[in-house]
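Student: Have a look at the structure that comes next, please.
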Amino acid sequence: MPRHPSVRARQGVIVLAVAVALSGCAQGAGPGAEGPSATATGIPAPVQSPTATAAPTPTPEPSAAFDRAARSIDDPASLWVVANKRRPLQPLDFAPGDLRTAEIPYVYEPVLRDEAATAAEQLVAAAAADGIALAAQSSYRSYASQQRVYAGWVAQLGQEAADRTSARPGHSEHQTGLSIDFSAVPAGCTLDQCFADTAQGRWLAENARRFGFHLRYPEGATPVTGYEFEPWHYRYVGPELAAELHETGIRTLEEFFGLPAAPDYAG
-18 MPRHPSVRAR
-8 QGVIVLAVAV
2 ALSGCAQGAG
12 PGAEGPSATA
22 TGIPAPVQSP
32 TATAAPTPTP
42 EPSAAFDRAA
52 RSIDDPASLW
62 VVANKRRPLQ
72 PLDFAPGDLR
82 TAEIPYVYEP
92 VLRDEAATAA
102 EQLVAAAAAD
112 GIALAAQSSY
122 RSYASQQRVY
132 AGWVAQLGQE
142 AADRTSARPG
152 HSEHQTGLSI
162 DFSAVPAGCT
172 LDQCFADTAQ
182 GRWLAENARR
192 FGFHLRYPEG
202 ATPVTGYEFE
212 PWHYRYVGPE
222 LAAELHETGI
232 RTLEEFFGLP
242 AAPDYAG
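According to the numbering used here, the sequence shown holds residues -18 to 248 in order.
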């Protein structure tokens, strides 16, 4: 992969060159990525040491009017499917049937399920109207692609360390076609926690829910999600659930649906 990929629009016009400098690792973001990849995103990022967590606070309850059983959290084709280190997709090699390329600027081609792609297009257009330039850094990744990524990390670090930095095949949210990693244009704090402090990161934190996207790995939730804070990683859940998560203050899908925490793999 080139070290400085271009951000392109699907109309075939080069929108803006993005200088992507990811420290220490080769890039591997698209469906055909071959190299190792860190974090839940499967994209190279600095491996971070675990941080101390504050004492747990009571989790708010979903509103009585919201039907948490309206969609399946087990069906991999559901917009509400919950995939984590304790909840693999079933089947493991699930592939969505409605993938398409979103018409947005990108570093690696933004392949998502149709509804998520439409929402991403609306989100990026709204951000642009507010003077915020966003690009897609990573999106759908197949089971086979994640196998290659994970195997690369195991070969490099050993399985124990690999499990701290990369999703096992069949456990990655990117395989659902509902997750997207955003980056700033021009590039800055790409796949780094400092992205939260960029104009793009702040805009997403405030506005992504309006388009049905949820910050999947929030700060301080590692004991629940199994991953460090990833302010660039957004999961499409639909406007209704995204709004409910915001209004109740419940930060993770695990807590919202009353699922066990998934800090590590079961075996």
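Glycine included, C-beta positions come from ideal geometry on N, C-alpha and C.
(1) Buried or exposed: S53, going by 16 or more other Cβ atoms within 10 Å of its Cβ?
(2) Using a Cβ-Cβ cut-off of 8 Å (strictly less than) and excluding sequence neighbours within five positions of P241, which residues of its own chain qualify?
(3) Output yes or no for whether 8 Å exceeds the beta carbon distance between G216 and R197.
(4) Which residues in the same chain as G207 place their Cβ atom closer than 7 Å to its Cβ, once the five residues preceding and following it in sequence are excluded?
(5) What's the call for Q140, buried or exposed, on a 16-neighbour Cβ count within 10 Å?
(6) Taking DSSP as the reference, what is the three-state secondary structure of Q127?
(7) By how many angstroms is the C-alpha of A168 removed from the C-alpha of A186?
(8) In or out: Q71 buried (at least 16 other Cβ within 10 Å) or exposed?
(9) Please work out which residues of its chain come closer than 6 Å, Cβ to Cβ, to Q128, disregarding the five sequence neighbours upstream and downstream, and give them in chain order.
(10) Tell me whether R183 sits in a helix, a strand or coil according to DSSP, three-state version.
(11) Would you call the stretch 100 to 108 and the stretch 169 to 177 in contact, with 3 or more CB pairs under 8 Å?
Tutor: Taking the definition as stated:
(1) That one is exposed.
(2) Cβ within range, chain order: R67, E235.
(3) Reading off the sequence shown, one finds Arg at residue 216, where the question assumed Gly. A contact, by the Cβ cut-off of 8 Å.
(4) When the five nearest sequence neighbours on each side are left out, the beta carbons in the same chain lying within less than 7 Å of the beta carbon of G207 are those of N65, K66, A243, P244, D245, in order along the chain.
(5) Q140 comes out exposed.
(6) The answer is helix: DSSP assigns Q127 an H, G or I state.
(7) When rounded, the separation of the alpha-carbon atoms in A186 and A168 is 18 Å.
(8) Label assigned to Q71: exposed.
(9) Within the same chain, and ignoring the five residues on either side of Q128 in sequence, the residues whose Cβ sits closer than 6 Å to its Cβ are P150.
(10) In the structure shown, R183 sits in a helix (DSSP, three-state: H, G or I).
(11) No, the stretch 100 to 108 does not touch the stretch 169 to 177.
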